[in-house]
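In the working numbering, the protein residues as written are 8 to 307. Structure first, commentary second.
Shown next as structure tokens:
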């Protein structure tokens with residue numbers, strides 16, 4: 008057990024944001040399943056077990072949410088079913104890796120959490136606005152990382168829509184088509200057995216799209232969130248390999264005009280590269296453009 012614990016700690020401390028997000032989801036799932044086993048062995052499966060899940064899942068009822076505001080965050084790390092967490096983590100791993108090819112870990116973490124929050128908000132709003140949900144609203148809860156994961160999928164599909172992956176039986180497919188299919192599937196599934204989950208997915212997707220659209224225009228809407236997160240902890244996303252000093256010895260001699268001019272030039276270069284990607288795909292970039300995109304993205 009000590010060896011397993013040490014390996015988990017090592018993977019968490021040395022891994023990137025993607026690895027840590029997956030580890031947190033898996034550890035939470037294992038912890039919940041172990042606790043459910045204890046409830047089962049002591050014949051506490053009923054109300055006590057259900058109450059524990061409801062303590063972490065986000066409720067649609069505003070009165071319940073008022074007394075459990077933490078569920079807006081905890082729900083996006085909570086899974087009950089094995090296949091639910093399996094498919095979520097596979098999608099998170101596949102598209103998270105593509106995301107990190109072009110954008111940094113801070114943006115991945117922001118997209119995951121803010122996308123999850125957007126999913127929860129849209130779910131709650133929908134269940135309190137549309138009359139069709141009035142009968143189930145007092146008893147409805149949402150859980151799972153799907154909204155967060157779909158936010159990442161849509162974000163990177165918006166950033167590099169022509170990025171191609173190879174699917175079994177289908178061959179090469181551009182990720183923009185996977186993103187469009189995922190959104191349409193959720194829209195058409197709202198009338199099914201899990202309307203709250205599909206609505207939450209759409210909230211995450213909407214955030215991912217808006218986030219990248221604003222990023223293309225030079226506005227990172229996650230900066231405020233990252234400042235709050237930085238004040239709580241910087242360890243979550245900082246690793247030894249990407250730690251850097253924020254100011255070089257020559258930066259302190261720059262005037263405000265010099266700094267603003269350099270920032271403007273870099274932003275123009277970034278806009279030109281992103282425009283080229285949207286028109287011709289990432290593969291059309293030169294090596295110098297790819298290096299510049301990597302450097303600028305890591306500094307934002």
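By construction, the Cβ of each residue, glycine as well, lies at the ideal position given by its N, Cα and C atoms.
Here the alpha carbon of residue 290 sits roughly 32 Å from the alpha carbon of residue 194. In this structure, 147 is the residue among 147, 117, 120, 142 with its C-alpha nearest to the C-alpha of residue 130. Taking a contact to require three or more Cβ pairs closer than 8 Å, the segment 152 to 168 and the segment 100 to 116 qualify as touching. Between residue 232 and residue 92, the alpha-carbon positions lie close to 26 Å from each other. Cβ contact annotation for residue 225 (same chain, cutoff 8 Å, sequence separation greater than five): 274, 277, 278, in chain order. Per the DSSP secondary-structure output, residue 178 pairs in a beta bridge with 174. Around the beta carbon of residue 173, fewer than 16 other beta carbons sit within 10 angstroms, so the residue counts as exposed.
Here residue 136 is exposed: its Cβ has fewer than 16 other Cβ atoms, across all protein chains shown, within 10 Å. Taken in chain order, the whole alpha helix (DSSP H) runs of length 4 or more contained in the segment 19 to 90 are 24 to 48, 54 to 63, 69 to 74, 78 to 81. Annotated as proximal: residue 211 and residue 154, with beta-carbon spacing under 8 Å. Counting every other CB atom within 10 Å of its CB across the protein chains shown gives residue 202 a total of 16 or more, marking it as buried. Distance from residue 189 to residue 160 at the Cβ level is roughly 6 Å; contact confirmed, criterion being Cβ atoms closer than 8 Å.
In this structure, the straight-line span from the alpha carbon of residue 87 to that of residue 182 is close to 29 Å. Here the C-alpha atom of residue 284 lies approximately 11 Å from the C-alpha atom of residue 300. Looking only at 27, 61, 162, 105, the smallest Cα-Cα distance to residue 219 is reached by 162. A check of alpha carbon separations from residue 170 across 23, 185, 90 identifies 185 as the nearest.
DSSP, read as helix, strand or coil, puts residue 125 in helix. Here residue 144 is buried. Its C-beta has 16 or more other C-beta atoms within 10 Å.
Excluding sequence positions up to five before and after residue 123, its CB lies within less than 6 Å of the CB of 83, 154, 155, all in the same chain and listed in chain order. Residue 149 places its beta carbon 8 Å or farther from that of residue 39. With contacts defined by Cβ atoms closer than 8 Å, residue 85 and residue 29 do not form a contacting pair.
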